[in-house]
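Position 460 (the sequence shown) corresponds to 482 in the working numbering; numbering is contiguous.
Down below is the structure, laid out as structure tokens.
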Amino acid sequence: MRAPLTMKIGWGRQTVLAGLAAGGAVLARTDTAIGAYLNAPAARWLRRITATGLDEPPGQAALTCLRVWASTGLITLDEQAAILVGDPAIEEYEERGRAVRRELLQRAALFPPADTPILAVGVGRDCAYCDQLLIDLAANAPLRDGGVVASGDDQTRVFGTVPGAGPDRLAELARAAAPLGTPSGVLLRPGRPPRILEGYRQVSAAIVSMFGDEPDRVVVETPSSCSVNVTSGEGTSVRPVRAGDRVVGIATRGAVTGELDGWLSAHTADAAYAPATLTVERPRNLYLVYRGGAMIARHRTPADTIACLQALLAAYADHAGAAEDEADVDCGVLWHPDRAAVLIPDHWLSPMTKKSSRLRRSGWQLCPQPYVRLSMRDGQAWARVRPLGEDPQVAPVAFLAVDPPAPATDEQLARTPSSEERAAQLVCWAVRPLTPPRLHALAATAHHIPIRTLGPDPILAELSTLVLARGADSLERVRAD
């Protein structure tokens with residue numbers, strides 16, 4: 023009798039399974055923001071099947087998990103496992119994608135050699151990523167030594183320089199790329215084969231490189247519908263600004279452009295293109311600073327606004343300097359010089375910024391930094407904070423504040439995530455790319471951060487009475503060191 027065929031399950035090329043204190047784990051990629059929480063039984067099962075393979079079909083829930091993990095690159099499947107796990111609809115979609123890519127390369131091969139790089143990119147209606155890409159291109163204009171043709175939403179836009187007879191044909195090529203998901207496109211480069219690009223980050227990185235810079239040097243963050251609303255507007259322009267060895271695009275419009283021109287000119291990087299990452303505007307008497315779609319600061323003077331931008335740029339520059347037992351997390355932080363730090367979700371930043379006066383009256387402030395560096399010391403989690411106008415320092419983490427669970431509906435029961443699941447959420451906020459040791463260190467650190475379910479309004483009352491006995495003792499030891 024023949025032995026049953028064992029189906030092999032493997033780890034994705036840039037995947038880490040980071041264990042949590044209660045036996046669960048976070049399955050996450052280290053190159054891009056993709057991750058999943060596994061409870062203890064699921065983590066044990068995944069470890070087992072990656073070691074021994076599958077010799078029989080699992081249940082429907084497990085098949086669904088394998089399918090999702092495989093589709094996002096968290097795991098790999100051999101041919102037999104792929105057949106077992108495969109969804110006919112997904113297989114049909116992937117085959118259509120392969121056919122589109124083949125046709126694109128065939129079409130691109132018919133174009134005459136170009137003297138400068140040209141990108142044909144397909145965009146779509148009601149696509150926030152496409153809207154942000156078009157805003158970035160317009161705000162960086164004029165572009166030189168290359169060109170971009172964007173088409174697919176009943177409009178064709180040309181940025182930079184393209185061959186005189188080429189825009190219409192390039193627009194057709196752009197629209198042919200749209201079925202891959204918008205924005206997607208084809209990059210034509212002198213002396214090199216055509217390259218297919220899929221998604222906002224790939225397209226933006228290609229634009230950075232086609233105008234002569236290194237994609238890893240220029241900050242490219244994922245946009246949202248909120249960031250599109252913030253960065254759009256007549257007269258918006260983007261200046262690539264130095265952040266150590268990195269480049270950050272700062273968008274301004276209106277009177278702010280002239281008021282910050284001297285400082286921006288003094289810090290302009292030698293880069294031809296940068297997506298809008300930070301935005302500054304002054305609709306009335308306040309200078310508003312945004313990161314993406316979140317307001318992170320309100321100031322009354324240009325000097326305070328510049329100090330805020332300098333703190334943000336310093337944090338971007340410092341990202342590469344994390345030790346292997348530290349990790350940067352994409353969240354906000356409230357800081358008190360005597361009471362420690364409180365972590366908050368990114369979507370709280372705008373409402374908490376609007377409450378900045380009340381925070382200051384109680385001794386707290388929202389630190390203007392793009393992310394928070396976490397580490398462990400003496401059994402206590404620590405955050406690296408950048409208070410406005412002060413040097414960076416470390417503070418003990420009092421707790422992570424999170425939203426209350428969604429109320430029950432007729433279709434769905436109320437569900438309260440466990441503390442371990444909340445800790446996994448914090449691990450998934452890790453800023454990518456990062457190394458596997460840093461992801462493991464973050465998983466260990468998250469276990470030592472208490473979780474408080476509050477919401478952005480009740481937290482103000484909580485902060486006014488917060489006393490951190492162990493954290494206060496630890497803080498005094500750090501100050502003494």
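Each residue gets a CB set at the ideal place from its N, CA and C atoms; glycine is no exception.
Everything numeric in this text was worked out from a predicted model, so none of it was measured.
### C-beta atoms of S206 and E194 nearer than 8 Å
Walking along the sequence shown from the start, residue 206 turns up at place 184. Walking along the sequence shown from the start, residue 194 turns up at place 172. In this structure, E194 does not lie closer than 8 Å to S206 by Cβ.
### Task
For R383, I'd like the list of residues in its chain whose CB is within less than 8 Å of its CB, leaving aside the five on either flank, ordered along the chain.
The count along the sequence shown starts at 1 and reaches residue 383 at position 361. Taken in chain order, the list of residues that qualify is empty.
#### Entry: Three-state secondary structure (DSSP) of T290
As a first step, residue 290 is located in the sequence shown; it is residue number 268 there, counting from the start. It is a strand residue.
### Residues bridged to M398 (per DSSP)
The sequence position of residue 398 within the sequence shown is 376, counting from 1. In the DSSP output, where bridge partners are listed per residue, M398 has A403.
### Query
Considering only the beta carbon of each residue, do M29 and D137 sit closer than 8 Å?
As a working mapping, residue 29 is identified with position 7 in the sequence shown. As a working mapping, residue 137 is identified with position 115 in the sequence shown. Against a cut-off of 8 Å, the Cβ pair of D137 and M29 comes out as no contact.
### Message
Please identify the residue among A344, S372, A228 and V364 whose C-alpha is closest to the C-alpha of T314.
### Response
Taking the sequence shown and counting its residues from 1, one reaches residue 314 at position 292. For the sequence presented, residue 314 should be read as Gly rather than Thr. Of A344, S372, A228 and V364, the residue nearest in Cα terms is S372.
### Task
Given a cut-off of 8 Å, decide if L448 and I471 are closer than it, judged by their beta-carbon atoms.
The residue given as residue 471 occupies position 449 in the sequence shown. The residue given as residue 448 occupies position 426 in the sequence shown. Inclusion of I471 and L448 in the CB contact set at 8 Å is warranted, their separation being smaller than that value.
### Query
Do the CB positions of I31 and A103 come within less than 8 Å of each other?
The sequence position of residue 31 within the sequence shown is 9, counting from 1. The sequence position of residue 103 within the sequence shown is 81, counting from 1. Contact flag set, yes.
### Task
Counting only the same chain and skipping the five closest in sequence on each side, list residues whose C-beta sits under 6 Å from that of Y295.
Taking the first residue of the sequence shown as position 1, residue 295 is located at position 273. Within the same chain, Cβ atoms closer than 6 Å to the Cβ of Y295 are found at N162, I229, V230 and F233, the five residues on either side in sequence being excluded.
#### Entry: Nonlocal neighbours in the same chain, by C-beta distance under 8 Å from R123, ignoring five residues either side
Here residue 123 refers to the residue found at position 101 when the sequence shown is read from its first residue. Answer for R123: L202 and I218, listed in chain order.
### Where R123 falls: helix, strand or coil (DSSP)
Mapped onto the sequence shown, residue 123 falls at position 101. R123: helix per DSSP, three-state reduction.
### Message
I believe I272 touches L308 by the beta-carbon criterion, under 8 Å. Please report the beta-carbon distance rounded to the nearest angstrom.
### Response
By 1-based counting over the sequence shown, the position of residue 272 is 250. By 1-based counting over the sequence shown, the position of residue 308 is 286. The Cβ separation is near 18 Å, so there is no contact.
### Query
For L335, which residues of its own chain have a beta-carbon under 7 Å away from its beta-carbon, when the five flanking residues on both sides are left out?
The residue labelled residue 335 in the question sits at position 313 within the sequence shown. Residues of the same chain with a CB within less than 7 Å of the CB of L335, apart from the 5 flanking positions on each side, are V263, A265 and V270 in chain order.
### Task
Would you mind giving the Cβ-Cβ distance between Y338 and R408, rounded to the nearest angstrom? I have them listed as a contact below 8 Å.
For the purposes of this step, residue 338 is taken as the residue at position 316 of the sequence shown. For the purposes of this step, residue 408 is taken as the residue at position 386 of the sequence shown. 11 Å between Cβ atoms; not a contact.
### Query
DSSP on T37, reduced to helix/strand/coil?
For this step, residue 37 is matched to residue 15 along the sequence shown. In this structure, T37 counts as strand in the three-state DSSP scheme.
### Query
Looking at the unbroken alpha helix (DSSP H) that takes in E281, where does it start and where does it end?
To locate residue 281, count along the sequence shown from 1; it is residue 259. Looking at the DSSP string, the run of the alpha helix (DSSP H) that includes E281 is A277 to E281.
### Query
Which residues share a DSSP beta bridge with L32?
As a first step, residue 32 is located in the sequence shown; it is residue number 10 there, counting from the start. Before going on, a small fix: residue 32 reads as Gly here, not Leu. G32 pairs with T98.
### Task
Go ahead and label L132 buried or exposed: buried means 16 or more other beta carbons lie within 10 angstroms of its beta carbon, across all protein chains shown.
The sequence position of residue 132 within the sequence shown is 110, counting from 1. With fewer than 16 Cβ atoms within 10 Å of its Cβ, L132 is classed as exposed.
### Query
Roughly how many angstroms lie between the CA atoms of A465 and Q177, to the nearest whole one?
On the sequence shown, residue 465 is found 443 positions in, with the first residue counted as 1. On the sequence shown, residue 177 is found 155 positions in, with the first residue counted as 1. When rounded, the distance between both Cα atoms is 47 Å.
### Query
Any idea if S249 is buried or exposed, counting beta-carbon neighbours within 10 angstroms, 16 or more meaning buried?
Taking the first residue of the sequence shown as 1, we reach residue 249 at position 227. Label assigned to S249: buried.
### Task
Use the C-beta contact count for G81: other C-beta atoms within 10 angstroms, 16 or more gives buried, fewer gives exposed.
Walking along the sequence shown from the start, residue 81 turns up at place 59. Answer is exposed; the Cβ neighbour count stays below 16.
#### Entry: Residues near A463 in its chain [Cβ-Cβ closer than 8 Å; skip 5 each side]
Position 441 of the sequence shown holds residue 463. Correct list, in chain order: E346, D347, E348, A349, S397 and M398.
### Query
Would you report the Cα separation of S441 and I473, rounded to the nearest angstrom?
The residue labelled residue 441 in the question sits at position 419 within the sequence shown. The residue labelled residue 473 in the question sits at position 451 within the sequence shown. In a straight line, the C-alpha of S441 is about 7 Å away from that of I473.
### Task
Under 8 Å Cβ to Cβ from A483, same chain only, skipping five residues before and after it: list those, please.
Working through the sequence shown from its first residue, we reach residue 483 at position 461. So no residue of the chain qualifies.
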